[in-house]
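Asks:
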Amino acid sequence: MIKTFHTGGDRNLGYLVADDATNKAVVIDPSYDPAAIAAFASDNNYQVIYAFNTHDHHDHTNGNAAFEQATDVRVLMFGDVDATTAQPVVDGSLFPVGNLRLRIIHTPGHTADCICLLIDGALFTGDTLFVGKVGGTDLGDGARAQYTSLHDKLLVLAGETRVYPGHDVGVTPESTIQHERETNPFLLRPDVNAFIELKANWAEYKKEHGIK
2 MIKTFHTGGD
12 RNLGYLVADD
22 ATNKAVVIDP
32 SYDPAAIAAF
42 ASDNNYQVIY
52 AFNTHDHHDH
62 TNGNAAFEQA
72 TDVRVLMFGD
82 VDATTAQPVV
92 DGSLFPVGNL
102 RLRIIHTPGH
112 TADCICLLID
122 GALFTGDTLF
132 VGKVGGTDLG
142 DGARAQYTSL
152 HDKLLVLAGE
162 TRVYPGHDVG
172 VTPESTIQHE
182 RETNPFLLRP
192 DVNAFIELKA
202 NWAEYKKEHG
212 IK
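For the sequence shown, this note's numbering assigns the number 2 to the initial residue and increments by one for each residue that follows.
Encoded structure:
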């Protein structure tokens, strides 16, 4: 079960993912409306056992304190260690959510600590990958790191993997890896230099192609 929350800010999205067999759940980026997510979990008898931020920007972390107070669940970020399991939040780490398994994928670029979370064929991409777009970076090391993260970590996943981004900034709020491979202009660039060139000229490209 995946519940999407339009939390506020710049069209920020938060998520609750639950294993229906056990009612164990994980929350991703509670941000501007942690109370609504906590209430949804309580009202539907979901037991939130983990919560994560996809990266450390304020528009993703600002709800952490209120969420932790409401649920008594610490919101984890890259490099943290879960107090219950002693499992670190690093690339490849696995966290059980009932019968589901959550895998951490470290995807630096937008920030050095960006992570995506893969849960049973659903990929929560934060600000690494949007629908038809990618997260902002500089035009140097950040862009190169993001290009590597996208191609070496995300595009190697199964095409049917569903994509749930950190912001609702595309033509639809969600997508698939295959759809992004075939349509996302950033992922269609032939090499990293062309990728950076598109970033540098994104405003003009959007205008030319009618992208909002």
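Note that the Cβ used here is the ideal one computed from N, Cα and C, for glycine as well. Please read all numbers here as calculations on a predicted model, not as lab measurements.
Per DSSP, Pro166 forms a beta bridge with which residues?
Replies: Partner(s): Gly127.
Asks: So, Leu14 versus Gly167, is the Cβ gap smaller than 8 Å?
Replies: Closer than 8 Å, so yes.
Asks: With a cut-off of 8 Å, does the C-beta of Asn54 fall near any C-beta of chain B?
Replies: No chain B appears in this structure, which consists of one protein chain only.
Asks: Expressed to the nearest angstrom, what Euclidean distance is found between the alpha-carbon atoms of Ile105 and Asp30?
Replies: If you take the alpha carbons of Ile105 and Asp30, they lie about 14 Å apart.
Asks: Report the rounded CA-to-CA distance for Asp169 versus Ile212, giving the unit in angstroms.
Replies: Spanning the two alpha carbons is a distance of roughly 14 Å.
Asks: Flag this pair as touching only if the segment 95-109 and the segment 22-29 have three or more C-beta atom pairs under 8 Å; answer yes or no.
Replies: Short answer: they touch.
Asks: Taking Pro191 as the reference, which of Asp139, Arg163, Thr149 and Asp11 has the closest Cα?
Replies: Out of Asp139, Arg163, Thr149 and Asp11, Thr149 has the C-alpha closest to the C-alpha of Pro191.
Asks: What are the residues that DSSP puts in a beta bridge with Thr5?
Replies: According to DSSP, which records beta bridges pairwise, Thr5 is partnered with Tyr16.
Asks: How is the beta strand (DSSP E) around Arg102 delimited, first residue to last?
Replies: It spans Leu101 to His107 - the beta strand (DSSP E) in which Arg102 sits, taken as one unbroken run.
Asks: Got a sec? Which residues, its chain only, sit under 7 Å from Leu140 by beta carbon, not counting five neighbours each side?
Replies: Taken in chain order, the residues that qualify are Ile197, Lys200 and Ala201.
Asks: When DSSP builds the beta bridges, which residues end up paired with Leu156?
Replies: Beta-bridge pairing links Leu156 to no other residue.
Asks: Count the other CB atoms within 10 Å of the CB of Ser43; is the residue buried (16 or more) or exposed (fewer)?
Replies: Classification for Ser43: exposed.
Asks: Pull up the distance between the alpha-carbon of Cys117 and that of Pro186, whole angstroms please.
Replies: Each residue's alpha carbon lies about 20 Å from the other.
Asks: Only counting the same chain, and skipping five residues up and downstream in sequence, which positions put a Cβ closer than 8 Å to that of Val172?
Replies: Counting only Cβ-Cβ distances below 8 Å, and skipping sequence neighbours, we find Val132 and Gly133.
Asks: Whole angstroms is fine: what's the gap from Phe125's alpha carbon to Asn65's?
Replies: Going from the Cα of Phe125 to the Cα of Asn65 covers about 18 Å.
Asks: Around the C-beta of Asp11, are 16 or more other C-beta atoms found within 10 angstroms, so that it is buried, or is it exposed?
Replies: Result: exposed.
Asks: Per the DSSP calculation, Ser176 is bridged to which residue(s)?
Replies: Paired residue(s): Val164.
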